[in-house]
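The structure is reproduced here in structure tokens:
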């Protein structure tokens, strides 16, 4: 299992009830992390969208997180 | 013959070489005034357009100027 | 402040923005038309604006009313500079506010486009070797 | 001044306009997104903006670059407010300058539309009876 550090903002932080969590997944693939988060925190499924970033870039579900990369949860943005 | 007082702005004032002139026309119709002005000052024909206003409103060529109404020459506008 | 005005000194951009801002506005779009330092690759030294003032104000008010009819605006203001204007200074400021931004964008573009077609204001460009009334000839 | 920035105090609108104004610019279009006093007919007391700051700046820079590629802009600036923002205050200011106004209008609309889709900034609305992260739920 791979352990990934995850940082959350906005409503994602409220759902996790914390700013950072560690997430275990078989290979560190974003799709696995997404699945695990939804399993542990079903409220994520109620969001309009849930995107992932690695460092400062959006990544797709098939991205595999490299060791020491930080994953950022991006719930629906609402700037402006 | 009808005498109409005409005020000019911008390049129209330069063409007339004065701010105001009096113009004689058979009935005070704008089309007649236009013709007379072009006859007296052929440079008006070189303009991209020449509109007429009476008081503060654009009028069409078939408008007949009433007594004491002031006619304003509106060469191509270029505000903004 | 009036919604439309002609000024012989610098346009009060900040006050115009404040004028259109309302508590229910979500978006303000401002167009500032500034004096360029060149036209058709020729250096412009400064500009001069002349207006047939009562009619210019009346045509500017017509634009305000027409824009309010076509878009759900909160406020709209159109201010134009007259007299000599230096390079880089604002010649016109148009500001529109609305609950949602698209109306403000569209109304602001409509207002400047219409102003350039209908408002009796004339711009003279001064070059090193002469001067010309803009758009007078084809 | 940087072309993109996040501010925890009032946005410097006048300085942003000055930043984009150049001697060759004929038109400046500015979008100011302000905090409305109501949403869905409910009174808003104030807003709070949170950002994932390094990525927000990076996405704002991407908008700047994409806009410069698509339109002949002279300058473009995108500034966003963070933290608590009162009703009527500016949450975002976007300014674009170009030789001719259409490019500035289009680029400014593009920038605010894209910002609202891609930049990781989150807005929380505070009501008398609670608070809500905007757009979080369908």
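Protein chains in written order, with the numbering used here: chain A, 44 to 123; chain B, 44 to 123; chain C, 32 to 169; chain D, 32 to 169.
In this text, a Cβ means the ideal position worked out from N, Cα and C, and glycines have one as well.
Considering only the alpha carbon of each residue, which of the options lies closest to residue i?
i, options, result
"residue 114(C)", "103(C), 143(C), 150(C), 155(C)", "155(C)"
"residue 74(A)", "122(A), 44(A), 103(A), 56(A)", "103(A)"
"residue 143(D)", "92(D), 160(D), 129(D)", "92(D)"
"residue 80(C)", "32(C), 128(C), 121(C)", "121(C)"
"residue 55(A)", "152(D), 98(D), 85(D)", "152(D)"
"residue 65(D)", "51(D), 123(D), 107(D), 99(D)", "123(D)"
"residue 110(C)", "167(C), 54(C), 53(C), 63(C)", "63(C)"
"residue 57(B)", "66(B), 84(B), 101(B)", "84(B)"
"residue 123(B)", "168(C), 160(C), 107(C), 145(C)", "145(C)"
"residue 118(C)", "72(C), 76(C), 46(C), 169(C)", "76(C)"
"residue 50(C)", "106(C), 161(C), 169(C)", "106(C)"
Give a yes or no on whether the minimum CB-CB distance between residue i and chain D is below 8 Å.
i, result
"residue 48(C)", "yes"
"residue 129(C)", "no"
"residue 158(C)", "no"
"residue 167(C)", "no"
"residue 34(C)", "no"
"residue 127(A)", "Residue 127(A) is absent from the structure shown; chain A starts at 44 and stops at 123."
"residue 52(A)", "yes"
"residue 103(A)", "no"
"residue 118(C)", "yes"
Please say whether residue j and residue i have beta carbons closer to each other than 8 Å?
i, j, result
"residue 104(D)", "residue 138(D)", "yes"
"residue 165(D)", "residue 121(A)", "yes"
"residue 58(C)", "residue 126(C)", "no"
"residue 48(A)", "residue 59(A)", "no"
"residue 67(A)", "residue 44(A)", "yes"
"residue 69(C)", "residue 70(D)", "no"
"residue 74(C)", "residue 157(C)", "no"
"residue 44(C)", "residue 96(D)", "no"
"residue 128(D)", "residue 52(D)", "yes"
"residue 50(A)", "residue 117(A)", "no"
"residue 88(C)", "residue 116(C)", "no"
"residue 90(B)", "residue 167(C)", "yes"
"residue 60(D)", "residue 60(C)", "yes"
"residue 86(D)", "residue 99(A)", "yes"
Can you give the Cα-Cα distance for residue i and residue j, rounded to whole angstroms?
i, j, result
"residue 115(A)", "residue 93(A)", "10 Å"
"residue 69(B)", "residue 46(B)", "9 Å"
"residue 163(C)", "residue 105(B)", "31 Å"
"residue 133(D)", "residue 71(B)", "42 Å"
"residue 52(A)", "residue 84(D)", "11 Å"
"residue 78(B)", "residue 109(B)", "18 Å"
"residue 40(C)", "residue 108(C)", "17 Å"
"residue 42(D)", "residue 131(C)", "20 Å"
"residue 119(B)", "residue 147(C)", "10 Å"
"residue 102(C)", "residue 102(D)", "26 Å"
"residue 160(D)", "residue 63(A)", "28 Å"
"residue 81(B)", "residue 112(D)", "60 Å"
"residue 100(D)", "residue 101(A)", "21 Å"
"residue 96(A)", "residue 38(D)", "23 Å"
"residue 46(C)", "residue 46(D)", "15 Å"
"residue 94(D)", "residue 72(D)", "32 Å"
"residue 107(B)", "residue 76(B)", "10 Å"
With 8 Å as the threshold, decide whether the Cβ of residue i is near any Cβ in chain C.
i, result
"residue 115(B)", "yes"
"residue 115(D)", "no"
"residue 59(B)", "no"
"residue 89(D)", "no"
"residue 140(D)", "yes"
"residue 107(D)", "no"
"residue 111(B)", "no"
"residue 108(B)", "no"
"residue 80(B)", "no"
"residue 120(B)", "yes"
"residue 89(B)", "yes"
Is the shortest distance between the beta-carbon of residue i and the beta-carbons of chain A less than 8 Å?
i, result
"residue 111(D)", "yes"
"residue 146(D)", "yes"
"residue 43(D)", "no"
"residue 98(D)", "no"
"residue 176(D)", "An answer regarding residue 176(D) cannot be provided, because it is not within the stretch 32 to 169 covered by chain D."
"residue 143(D)", "yes"
Is the shortest distance between the beta-carbon of residue i and the beta-carbons of chain B less than 8 Å?
i, result
"residue 152(C)", "yes"
"residue 103(C)", "no"
"residue 51(C)", "no"
Entirely enclosed alpha helix (DSSP H) segments - the region 121-145 of chain D, minimum 4 residues: none
Would you mind listing the beta strand (DSSP E) stretches within the region 49-93 of chain C that are 3+ residues and don't spill past its ends, in chain order? 58-65, 77-82
When you check each C-beta in the region 54-87 of chain D against every C-beta of chain G, which residues fall closer than 7 Å? Of the protein chains in this structure, namely A, B, C and D, none is chain G.
Write down every uninterrupted run of the alpha helix (DSSP H) in the region 73-98 of chain A whose length is 4 residues or greater and which is fully enclosed by it, in chain order. 73-83
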